[in-house]
Amino acid sequence: MRCPAPRPAGSYLSEPQGSTQCATMELGPLEGSSYLELLNSNADPLHLYQLHDPMDLAGEEETELHSETDMDTINCDQFSRLWRDMEGDEETREAYASIAELDQYVFQDSQLEDPNKDIFKHIGPDEVSESMETPAEVGLKKSQKRPFPEELPADLKHWKPAEPPTVVTGSFLMGPVSDSSTLPCLLPPALFNQEPASGQTHLEETYQTPMPSSSSSLSCLNLPEGPVQFIPTLSTLPQGFWQISGAGTGGSSIFIYHSEVPQASQPPSPSGLTVHGLPTSPDRPGSTSPFAPSATDLPSMPEPALTSRANVTEHKTSPTQCQAAGEGSNKLPKWPESVEQFYRLLQDTYQTEPAGPDGILVEADLVRAKLVRSSSKSLERELATPDWAERQLAHGGLAGVLLAARERRRPRETQVIAVLGKAGQGKSYWAGAVSRAWACGRLPQYDFVFSVPCHCLNRPGDAYRLQDLLFSLGPRPLVADDEVFSHILKRPDRVLLILDAFEKLEAQDSFLHSTCGPAPSEPCSLRGLLAGLFQRKLLRGCTLLLTTRPRGRLTQSLSKADALFELSGFSMEQAQAYVMRYFECSGKTEQQARALALLRDRPFLLSHGHSPTLCQAVCQLSEALLELGGDAELPSTLTGLYVGLLGPAARDGPPGALAELAKLAWELGRRHQSTLREDHFPSAGVRTWALAKGLVQHPPGATASELAFCSFLLQCFLAATWLALSGEIKDKELPQYLALTPRKKRPYDNWLEGVPRFLVGLIFQPPTRCLGALVGPSAAALADRKQKVLAKYLKRLQPGTLRARQLLELLHCAHEAEEAGIWRHVVQELPARLSFLGTRLTPPDAHVLGKALEAAGRDFSLDLRSTGIDPSGLGSLVGLSCVTHFRAALSDTVALWESLRQRGETKLLQAAEEKFTIEPFKAKSLKDVEDLGKLVQTQRTRSSSEDTAGELPAVRDLKKLEFALGPISGPRAFPKLVRILMAFSSLQHLDLDALSENKIGDEGVSQLSATFPQLKSLETLNLSQNSITDVGACKLAEALPSLAASLLRLSLYNNCICDVGAESLARVLPDMVSLRVMDVQYNKFTAAGAQQLAASLRKCPHVETLAMWTPTIPFGVQEHLQQQDSRISLR
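Each position in the sequence shown, counted from 1, maps to that position plus 1 in our numbering.
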C-alpha cells in the first residue's frame, strides 16, 4: 500500500491530463488539512508518496520488479516517516480505529473460511522473516470463535489491521484500496478467450478489457468469480491506476497500476519488467526493498534469484513466446542472440531419437518410493516394498513427475528428484526421454536442460568450473560464451540438471558429507562441483534429477530427497508389446507372431521380461534363431540365453579374445566399474572385435578412448565366465562368489549381482552347449574340478537355515544348474512353513518358487506379506495344490478375489478363499484396520449373495487380534475396529496393549463393552496402558458378565483407575466364574480400593492370581493383604 502525504499550505494538485500518461502533479494547496480527506481524494498515490518525502526520482536508475508478493516497492525509511506522521493526526487515527473495530467483528468468520489463507504455507521460517509482515502471518492467526467486545485490544484507536504488501504481476502494480466509493466503475465491454503463450499457466477463462484512449486513468473493473489471467502484453491499457473489486478477487479492492513496458530494443531484464523512479535498497542491487537478502546472506546465489518466490508465474521470455506476442513496442524483451542460438542448439542435441533397439519406446510404470531402515538395529536404508494394490503410480513418466513437482517445490531451494531401479530397468533410457520431452516443448517450466552421464565425472584434475560441467560433459560438447552462462546463472530455477547412472560415480558419499563446497568462480575438481550442487552453493534453486541403483552409500543419503521414484519394469503385457515393437522396427513384422510364440513357450524367460535389457536380449536371440529357420527354440535358462548370443561372436573372434574380455569384466566389477579404456585391452584386435560384435560401445559423453559394456548383465555373464575358466581363483574360494553364506571376514560384496546364477549355470550345464560353445572343448575341461567343489558345497546347504533372499537365490542357482541331484536336494529340504515377509518377490522369483513347491510333492504354508508380488504371481502360487495356507496383504488378496470373480474362475476363487488366513493379525497402522474392514465387508457381501453362503475362513478362524497404533492413530482407528469386531466369532485373544500406548480411553472402553455379548469365545482381554479412568472401569464392570463363561485373563495394567473403579470391579469379580488371572497393577486406587478387591477375592475360589501392586497403596497394607490371601501378587 502506498500512503499519500500532505504538502504545506500554498500548494495544489492538478487534475490528470490525458488518458495514456500518468497524471502530472504540481505544487499547490491541498483541498483538506487532514490525512483522512487526502486518502478519500482521487489523487495519484505514487505522486502523493513523493510529495511527502521528495526524492530525485528522475535521476534514479530503473529498478527491476519481480513478479512476486514482497515489499520491494516500498522504501523502509520513507514508509516509517510517513507512518509516524499519520499517527500524529488524530482524525485519521479515529477513522482507522472505527474501521478496525468493525472489521474485527464483521469479517472474523470470513477470514476463517478464506481459501487464500494458506497460499504461503510453503514458505519456510527463513523466507517469512525477510519481511516485516506478510499475508501468511495474518492467515496463520486463526480464531476459534468470534471474540466478544471485552476480548478486543484495550486501545482500539491504535490497533492497525495488517495489510498485504504490494504485488507486481507482469507490468501491473497491485495494492489494496482504502476506499472504493469515490472511483467510477466501468464494466468490461468485451469478454473473450485468448490462448496463453508457451510456458504460461493455462487458466480456464481470460478476460481482456481494452480501454479507449479518452477514458480516465482511474477506472473500476468488476471481475466475476473464478480464475483470472492478467495479460502483461496488452497495449490498450492506459498508464495509471485501476480498481478491481467483486467476488472474484477473493479479498478487498485492489489497485492495478499499468507501467510502461520496455521496448523490444531495450536489453532484457532477467526477472521481468521495470518501473521507473522507485528508490533502490542500499547494498541490494536489483531490489527496492530493504528487507530483501543481500549477496552476503547468500554468497553464491545469483542476485536476481534472491527475491524469487514459489508458486508465482513469471512470464518466460523465450523465443517462442516473443514470436507469439506479436510485433510492436510493447512486446516482451527477447533473449540475447547468443542465448537464443544456444537454446536452439541444445534443443537439436536432445531431439535426436536413439537408433536401433535403444529407440523402442514402451511405457513402464514409475512408482513413488521411500527408503526405510532395513532393521530396527541397523542404520542402513533400503527401498520399502509397498503392497501391489497400494502402489502410487506416477502417471506421465518422468516428464509428468517434473511437471507436477513444480507446484510443490520450495522457494529458492535446489530440488532433488531421484529415480531408483535395478540394472537393466531402463533408467538411462527414461533420463534421455526427459531431455527429448523438454526439446519438444513438453517441459515449459525449464529454459535449459543438461544431461550428464556420471561415468564422465571420474576424470582427474582440479581446474574444472561449473560451465565445464554443463557444456562439456553431455552427449555432445556444447559451445557457449560468457553471456549464455551469465543468463543461466540469473535464473537457476529454470534449469534442470540430469545426473544419469549415479552408481558409476566413485566414492559417491564423499561430497555429501564434506563441510563446504567450492565458490562459483573457483576452479575445482568435478567432484567438488557436485559437492557445491548438493550443498546448494552452486545453481541454488535448480532441479537435480538423479538415476541410480537402490544400493550403495548414496542411497542412504537419498532419504532426504524431495521426491523418490522407482522404475518397476515391464508387466507381462508390456514385455510382449516390446517384442512386437522390436520386430516392427526391424522391418520383420512377419516374424512377430513366431517370436511371441517362442517366448510364451518359455515361461521362465517370459517372467524375466520385466527387465527391458533381458527383453532386448530375448528378441535378439529370437531374431537370430528365426533367420536360421527350422524348429527354433529358446533356451530355458538365462545362462543358455547369453551363451546363444555370445557363441557366434566368440567363434568369429581372435583366439582367446572372449577370455581376455571376460577377465576385464571381472576386474572392473571388483572395483565397481563398467567403463574401460583402450589401453585395458590386450590388443587392438580384441578391441576391434568387441566393438564390431556390440559387446562394448562408446557411452554418451565419453572420450574417444573410453568404452563400456553394452549392458550390466553382459558384464556379469563375462565375469562369471572368467571365474569358471580361470586358474587364478582357488577352488576353495569359489563358493564365496555365490553369496549364499557370506563370510564375516573379508565378505564378498556381490556388486556383480548376476554372477552367482551365471557361474552355476556355466559350470553345471553340459560343456558342449555351454562353456564349450564359448571357448572350445579343451578350455571347458578346466571347469570339471570346480563343478565338484560347487556340487559338494550346494548339497551341504540347509535351505531351512537361509534367509528368504538367500533361499530365493539358491533356487535360482539350482534352476540354472539344470542338474537333477542339486535340484532334488534343494526342493526336498524346503521347510513346510516358508515366510518371505518383507522380501521383495519379482516375477522370476514367483515362477521359480512355484516350480520348486510343485517338485517337492509336499504341503506348504506361505507368508507373502510385504513382498510386492504382482497379481499374476500371487494367483499362480495360490492355485498350487501343494499350498494349503497362505498369508498376503489384505488389499492384494481382496483384489485377487475380485479379479477371479470377474473372470469367472469359480474353482480357483474358492480355493483362494479357503486357503487364505490372517491368524494372528496385528494392526499397526490405520491402513491395516481399513483393510480388515474391507475383508469383513467382502464376507458380508459374499454371504448375502445367492450363489455363495457362509463365512470366510479367514474371518471365521481368527483367534488372536492385536491393536498397536499408538496414542495418535489409536483413538481415531479404534471405533472402526469396534464396528467389525462382532464378525470375528472365534476371537479368543484381544490385545489392546502397545509399547507406545493406544490410549483408547473411557470412550473406547464403552464402545468395546457393547460388543461383549457377541464375543462368546473371548478368553484374554488386555486393556493395559489405555488411559482408562473410573468412568471406563464402571462401564467395563457392567459389561463383563457377558464374558463370564469364557474370559480367563483380564489385564488393566497401568491405567488411571481410582477407588470408585476398583469398587465396581470388586462387585463384578464373583460373577466371573471362568476368570483365572486379573491384573490391576500401577493404577491410582488407594488402600480402600485394595481392601474392596481383596474382600471380593475371598469369594472367588476360581481366581488364581490378582496382581494388585500400585504406588498409591502403603506397602504395609499390601503386605497385610498378601498375608491374608497368597493369591495377591505384588510383583
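Don't be surprised by glycine CBs; every beta carbon is placed ideally from N, CA and C. A quick note: this is a predicted structure, and the numbers were derived from the prediction, not measured.
- Approximately 19 Å separates the beta-carbon atoms of Phe-535 and Ile-489; this is outside 8 Å, ruling out the contact.
- If you draw a 10 Å sphere on the C-beta of Leu-394, you find fewer than 16 other C-beta atoms in it, and that means exposed.
- In the DSSP assignment, Val-956 falls outside any beta strand (DSSP E) and lies within the alpha helix (DSSP H) extending over 954-957.
- With respect to the C-alpha of Leu-421, the residue from Ala-438, Arg-770, Gly-542, Leu-367 having the closest C-alpha is Leu-367.
- Between Asp-1060 and Thr-1087, the C-beta gap is smaller than 9 Å, which places the two residues in contact.
- The alpha-carbon separation between Glu-634 and Arg-466 amounts to approximately 55 Å.
- At the C-beta level, Arg-866 and Leu-838 come within 9 Å of one another.
- Distance from the CA atom of Ala-406 to the CA atom of Ser-1047, rounded to whole angstroms, is 57 Å.
- For Pro-454, the enclosing beta strand (DSSP E) begins and ends at 449-454.
- Excluding five sequence positions before and after Ala-419, the CB atoms of its chain that fall closer than 6 Å to its own CB belong to Leu-547, Leu-559, Ala-562, Leu-565, given in chain order.
- The stretch 602-609 makes no contact with the stretch 689-703; the number of CB pairs closer than 8 Å stays below 3.
- Residue pairing by DSSP places Ala-1108 opposite Asp-1080, Ser-1130 in a beta bridge.
- If you draw a straight line from the Cα of Ala-370 to the Cα of Arg-980, it comes to about 33 Å.
- Note that the C-beta distance between Leu-739 and Leu-791 is below 9 Å.
- With respect to the 9 Å criterion, Cys-1035 and Gly-1062 are classified as neighbours on the basis of their beta carbons.
- The alpha helix (DSSP H) runs lying completely inside the stretch 806-863 and spanning 4 residues or more are 821-829, 844-857, given in chain order.
- The C-beta distance from Tyr-447 to Arg-374 rounds to 35 Å, too long to meet the 8 Å contact threshold.
- Assignment of Ser-1052 by DSSP, reduced to helix, strand and coil, places it in the strand class.
- The DSSP-derived three-state label of Leu-458 is helix.
- Cβ neighbours of Ser-987 within its own chain (closer than 7 Å, five residues either side excluded): Arg-957, Asp-958, Leu-959, Lys-960, Ser-1018.
- For secondary structure counted as the beta strand (DSSP E) over 3 or more consecutive residues, the stretch 677-737 holds these complete runs in sequence order: 707-710.
- Beta-bridge analysis with DSSP links Cys-525 to Tyr-465.
- Relative to Asp-482, the option among Leu-741, Leu-471, Val-619 whose CA is nearest is Leu-471.
- Where Thr-544 is concerned, the enclosing beta strand (DSSP E) starts and stops at 544-549.
- Secondary structure remark: continuous beta strand (DSSP E) runs of at least 3 residues inside the stretch 956-1038, in chain order: 961-964, 990-992, 1021-1023.
- Val-884 carries a strand assignment under DSSP once its states are collapsed to helix, strand and coil.
- In this structure, the CA atom of Lys-977 is about 8 Å from the CA atom of Glu-931.
- Note on geometry: alpha-carbon atoms of Thr-742 and Gln-592 lie some 45 Å from one another.
- When the Cα atoms are used, Gln-617 and Val-363 turn out to be separated by approximately 12 Å.
- Taking the CA atoms as reference points, Pro-337 sits about 22 Å from Cys-441.
- For Leu-659, the closest alpha carbon among the candidates Gly-695, Leu-639, Asp-632, Ala-821 is that of Gly-695.
- Separation of the CB atoms of Thr-1021 and Arg-1050 is rounded to 5 Å, and the pair is thereby assigned contact status at 8 Å.
- Under the criterion of beta carbons closer than 8 Å, Leu-991 and Asn-999 do not qualify as touching, at roughly 12 Å.
- Between Asp-388 and Asp-893, the gap from beta carbon to beta carbon is short of 9 Å.
- Our two residues, Gly-645 and Cys-455, have alpha carbons roughly 32 Å apart in a direct line.
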